[in-house]
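Have a look at the structure below before the remarks.
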Amino acid sequence: SLVVLFGATAGAYGAKLGSDERELILLVWQVVDLHSKKVGTLHKSLVKADNLDLSDQCREVSGLTPEGLSKAEPLDRVLQQFSQLVSSDLKVLGRSSYTLCSDGQLLIRQVLHPETSKKNFLLSDCFYSFFDLRKEFHTCYPSSAAVKDQTIKTMAEYLGLGTDEAEEDFGVWQVKTMVAIIFNMLSEGCKHVFTEPETVKYKYETAKFAFFFPLCSSKSETVDSETVIRARGLPWQSSDQDIARFFKGLNIAKGGVALCLNSQGRRNGEALVRFVNSEQRDLALERHKHHMGSRYIEVKTALISLPGTSNEVAQFLSKENQVIIRMRGLPFTATQEDVLGFLGPECPVTGGKEGLLFVKYPDGRPTGDAFVLFACEEYAQNALKKHKEILGKRYIELFRSTAAEVQQVLNRYMSTPLIPTLPTPIIPVMPPPYSLAAGSVRDCVRLRGLPYTAGIDDILEFMGDATADIKPHGVHMVLNQQGRPSGDAFIQMKSADKAFMVAQKCHKKMMKDRYVEVFQCSGEEMNFVLMGGTLNRSGLSPPPCKLPCLSPPAYAAFQTAAVIPAEAAALYQPQALLPTTRTPQASAAAPPAVTYYPAQAAQLYMNYTAYYPSPPVSPTTVGYIAAPPGAVAAAATATHTPILPQPGALVRMQGLPYNTGMKEILSFFQGYQYAPDDYNGLIQLSDQARSVLQAPKEWVCL
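Numbered by our numbering, the letters in the sequence shown go through residues 326 to 1027 in order.
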């Protein structure tokens, strides 16, 4: 037997059913005995939604009103009535089993499963298997329209059935017409047999390896982009099971959820999800900006090319159906016995020590991360209760994890460069043909109040036709002390008149959800801000530079500019050679300015999308990265002035508390001789330099 099912929501109808996350408000069904070709009673039930605000399309198509729906039963009660009435009709027809049959996939996959999942009640087993009438019709009548173009009306017209919807109530006509279509398919001319129903997976299946880490693959391989989506905006604590629940009703491939990590090995709020076929992927894309809790999730297509699985991970994940927990913040001296003792007997680790995997740097130093295997959900939940408990003198963070995250973390740390062997090649950046502006001519504009997510493209779109009047390499983003966008930018225009016109036209114009202030200014004022000064109503305040050897006029990082892509600018900040300590007498013999970037950042990008060294902080807090020894030696030979200290004079401090200041470090080194001249030997690494070094907050002492 079939139970022909039709439904509608308070929002979109037809091909967009369920895409707007609106609740079910109508359910109509009828039992059909395929053998005797008899039918049961036709039932129609209104469903009371939590939000009774109906869309215009819903009102027009269905004729329903909020007043009528307010007297209806909630969804859980309606589904109980559905089961009872279907069972009763089957008994009358002398049948005991049935399968649902709906007009397409949307009602089952995009409406019923997601809504019941959000409302935390279970659907009966009958909703995990159903026939798609459109697919069955196309199988029976191959010359009919493509499946995606089919509707109840087009199928009825193809068979020559009556299509006057006005004769019946909304939903009743649809079910009666679907039943008539089924009887035509069962006729002598077709004798169609319903044999292969669509299935909905009961739960997400984990695997030994994430989908983009295929076992026994040593070469990079590209995953079929037709089955993969990228989900963005996920809560940082979300697990693969949470993501699978967000896509409830759709079939995710086994091990097909991979949480993405940032350069520090932490989750970045994104995930890659692989579905069993492109049809399921297309349905997933319709959930763009659906909500997970109070957050909306962006769902977009993805194209990825990823590496294979290491032997270490293969050995660790050789046991299936294990729950993985990630531990973070372990003492560097922690042993396997310490971790097992911390977890205790209430959450035994699978295989004892074999169920532990410590993450280490290439030189064997521990990172403070570890992964643990548990045989069941109960043990994993007991372990998660120990979140932020103390081991040694440190609190330990525990999170759910996945096979993909294990591989990503290991790959990232095992490829981490060490200080003695910085990434190669590192080459000098070509100076651009245009330098920073100077003088009092007011041919620049300052943008203040930019969204922190704004990039070069956003600024160019904001300025509109005026982009044609921007000087080449004339866009300068101002960064804060952490190397992140400060909300300010400077634009060099071709003339003072052009700058005046832009300031008049764009002042307080909206960019995304914020208005942006636009002021006319001079190149001199722009340079002061880019080198750490402030520009306010009372005039210019010079950069807060305390070191005589790094005064703004001789600050190397601002004498050479680099042109890098907008994408690379988010990862790399301007770096400079460590300047030598200078005495007043030797100031005239300053070394030439040399700026270095990783090789992949040293490339030209268009003609006016340039990032210049512009941290608005004291140069003492700018991150540095060493240049190649050969380049350093050449620069030193050319000026007869040493640029870097002698070997052995550089000390790296790792594991400092985040609130450590200069006084604490000097106190720590009390009794030792350090570089004089206002503590110019202390240089705090920026976030960008630290991401290259893959280390916690550090200071470098000379």
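Heads up, the beta-carbon is just placed ideally off N, CA and C, and yes, glycines get one too.
Which stretch, first to last residue, makes up the beta strand (DSSP E) that contains residue i?
{"i": "K625", "result": "R620 to T626"}
{"i": "E702", "result": "No beta strand (DSSP E) contains E702, which is instead part of the alpha helix (DSSP H) from E702 to L709."}
{"i": "E348", "result": "Premise fails: E348 is in no beta strand (DSSP E) and is neither H nor E."}
{"i": "L586", "result": "I577 to L586"}
{"i": "K444", "result": "Neither: K444 is in no beta strand (DSSP E) and is coded neither H nor E."}
{"i": "L681", "result": "L681 to K685"}
{"i": "C426", "result": "T424 to S427"}
{"i": "F456", "result": "S454 to D457"}
{"i": "K834", "result": "K834 to M836"}
{"i": "L716", "result": "E714 to L716"}
Report the option in the options whose CA atom is closest to the CA atom of residue i.
{"i": "D794", "options": "M802, P776, K823 and G558", "result": "K823"}
{"i": "L431", "options": "L410, G339, C846 and F667", "result": "G339"}
{"i": "T692", "options": "M818, F495 and V734", "result": "V734"}
{"i": "D494", "options": "L351, H613 and H801", "result": "L351"}
{"i": "L586", "options": "L342, A569 and L559", "result": "L559"}
{"i": "E850", "options": "D783, G764, V500 and P391", "result": "G764"}
{"i": "T792", "options": "R773, A828 and T778", "result": "A828"}
{"i": "K830", "options": "G594, Q845, R690 and S395", "result": "Q845"}
{"i": "L655", "options": "H517, K713, G618 and R620", "result": "K713"}
{"i": "M510", "options": "P467, R767 and K473", "result": "P467"}
{"i": "S619", "options": "R592, Q661, S563 and I577", "result": "S563"}
{"i": "S512", "options": "I433, D768 and K362", "result": "K362"}
{"i": "E611", "options": "K710, V417, R771 and R434", "result": "R434"}
{"i": "Q405", "options": "L342, F452 and L394", "result": "F452"}
{"i": "F815", "options": "T476, L772 and N445", "result": "L772"}
{"i": "R719", "options": "D663, D401, S449 and A471", "result": "D663"}
{"i": "S395", "options": "Q409, D378, V386 and F407", "result": "D378"}
{"i": "Q382", "options": "K341, G789, K833 and L367", "result": "K341"}
Near residue i, what residues of its chain come up, given a Cβ to Cβ distance below 6 Å and the 5 sequence neighbours on each side ignored?
{"i": "P399", "result": "K373"}
{"i": "I568", "result": "V582 and A596"}
{"i": "Q605", "result": "L575 and N576"}
Looking at the structure shown, is residue i part of a helix, part of a strand, or coil, going by DSSP?
{"i": "F495", "result": "coil"}
{"i": "Y338", "result": "coil"}
{"i": "C672", "result": "coil"}
{"i": "K515", "result": "As written in the sequence, residue 515 is Cys, which differs from the Lys given in the question. C515 falls in the coil class under three-state DSSP."}
{"i": "F724", "result": "strand"}
{"i": "N593", "result": "strand"}
{"i": "V525", "result": "coil"}
{"i": "Q562", "result": "coil"}
{"i": "G666", "result": "helix"}
{"i": "P391", "result": "helix"}
{"i": "E604", "result": "helix"}
{"i": "F616", "result": "The identity of residue 616 in the sequence shown is His, whereas the question assumes Phe. Of the three classes helix, strand and coil, the one that applies to H616 here is strand, per DSSP."}
{"i": "K644", "result": "coil"}
{"i": "F571", "result": "helix"}
{"i": "V364", "result": "strand"}
{"i": "R737", "result": "helix"}
{"i": "K416", "result": "helix"}
Might you give, ordered along the chain, the residues of its own chain that have their beta carbon closer than 8 Å to the beta carbon of residue i, omitting 5 neighbours on each side?
{"i": "A1030", "result": "Summary: the structure shown does not reach residue 1030, with the chain confined to residues 326 through 1027, and so no result is reported for it."}
{"i": "L327", "result": "V356, V357, L359, Y423, T424, L425, C426, F456, I507 and F519"}
{"i": "L486", "result": "T502, A505, I506 and N509"}
{"i": "D375", "result": "E348"}
{"i": "T675", "result": "K644, Q647, L698, F699 and A700"}
{"i": "D768", "result": "A762, Q817, M818, K819, S820, A821, K823, A824, S847 and G848"}
{"i": "V364", "result": "Q355, V356, V357, D358 and V504"}
{"i": "K837", "result": "P776, T778, A779 and D783"}
{"i": "S412", "result": "none"}
{"i": "L665", "result": "V674, G677, K678 and L681"}
Within a Cβ cutoff of 7 Å, which residues of the same chain sit near residue i, ignoring the five residues on either side of it in sequence?
{"i": "C465", "result": "M510, C515 and H517"}
{"i": "G388", "result": "F495"}
{"i": "F683", "result": "P691 and A695"}
{"i": "K678", "result": "Q661"}
{"i": "G774", "result": "G812, R839, Y840, V841 and E842"}
{"i": "G680", "result": "V674, V697 and L698"}
{"i": "H832", "result": "E842 and V843"}
Provide the residue(s) that pair with residue i in DSSP beta bridges, ordered along the chain.
{"i": "A653", "result": "Looking at the sequence shown, residue 653 is not Ala but Arg. Bridge partners of R653: D694 and E722."}
{"i": "E842", "result": "R773"}
{"i": "Q355", "result": "V329"}
{"i": "E398", "result": "V372"}
Could you check where the alpha helix (DSSP H) with residue i kicks off and where it finishes?
{"i": "I816", "result": "Here I816 belongs to no alpha helix (DSSP H); instead the beta strand (DSSP E) covers P810 to M818."}
{"i": "T479", "result": "I477 to L484"}
{"i": "I433", "result": "That residue, I433, is in no alpha helix (DSSP H); it is neither H nor E in DSSP."}
{"i": "L804", "result": "Not the alpha helix (DSSP H): L804 falls in the beta strand (DSSP E), residues I795 to L804."}
{"i": "V472", "result": "V472 -> no alpha helix (DSSP H), and no H or E assigned at all."}
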